[in-house]
Every structure is written in C-alpha cells, then in structure tokens.
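Q: Number 118 in the working numbering belongs to position 31 of the sequence shown; there are no gaps in the numbering. No residue lacks a Cβ here, since even glycine has one placed at the ideal position from N, Cα and C. All values reported here derive from a predicted model rather than from experimental measurement.
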Amino acid sequence: MATVILVRHGRTAANVQGVLAGWSPGVTLDDAGREQVRAAAVRLEAVRLAAVVTSPLERTRETADAVMAGQSARVPLHVDE
88 MATVILVRHG
98 RTAANVQGVL
108 AGWSPGVTLD
118 DAGREQVRAA
128 AVRLEAVRLA
138 AVVTSPLERT
148 RETADAVMAG
158 QSARVPLHVD
168 E
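#1: Measuring CA to CA, which of VAL140, ARG121, MET88, VAL94 is closest to ALA100?
#2: Could you give the DSSP three-state label for THR141: helix, strand or coil?
#3: Whose CA, out of GLU168, THR141, GLU145, lies closest to the CA of VAL162?
#4: Could you give the distance in angstroms between the alpha-carbon of GLU168 and the alpha-carbon of TRP110?
#5: If you follow the alpha helix (DSSP H) that LEU131 is in, where does it begin and where does it stop?
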C-alpha cells in the first residue's frame with residue numbers, strides 16, 4: 088500500500104502579515120520558512136520518497152527542493168498546475 092505524505096510550504100512574509108497570497112507571484116519563504124523546510128527535510132531523510140509533487144508557486148518549489156535535497160537518492164519532481 089502506498090503512503091502519501093503531505094508537506095505544507097514553509098512560512099512566508101505574507102503568512103506573517105495575514106495576507107492571502109493565493110497564486111500571487113513572488114511570494115517566497117522567509118528565514119523562518121526556510122528553517123521550517125530544512126527541519127522537515129531532516130525528518131524525511133529516513134523516508135525513501137518515490138516522487139515529489141508540487142505546484143509551480145515559488146514557496147512550494149522552495150519547499151519541494153529542500154525536501155528533495157535531503158534524500159540520499161535522486162527523487163523525480165512533478166510540477167502540477
């Protein structure tokens with residue numbers, strides 16, 4: 088049986104300001120958000136991921152990249168609109 092792991096993107100300045108960013112371009116992780124995704128990547132290092140699926144938004148791509156960087160083997164990335 089397959090297991091699906093859902094990871095929300097890290098914190099952004101828009102999150103802190105209470106702004107609903109939606110599909111707004113240019114919304115990236117802030118320093119705390121980058122630390123959050125690094126911590127998530129460390130927790131997921133022991134999990135052998137078959138693939139990573141992300142939206143094309145900058146903050147979600149940053150999160151996916153961090154999770155993939157923590158993997159010992161290359162993980163396919165699928166960007167889903």
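A: This is what the structure holds:
#1: ARG121
#2: In the three-state reduction of the DSSP assignment, THR141 falls in the strand class, which pools E and B.
#3: Ranking the options by Cα distance to VAL162, first place goes to THR141.
#4: Their backbone Cα atoms lie some 11 Å apart in a straight line.
#5: Counting along the chain, the alpha helix (DSSP H) containing LEU131 begins and ends at 118-131.
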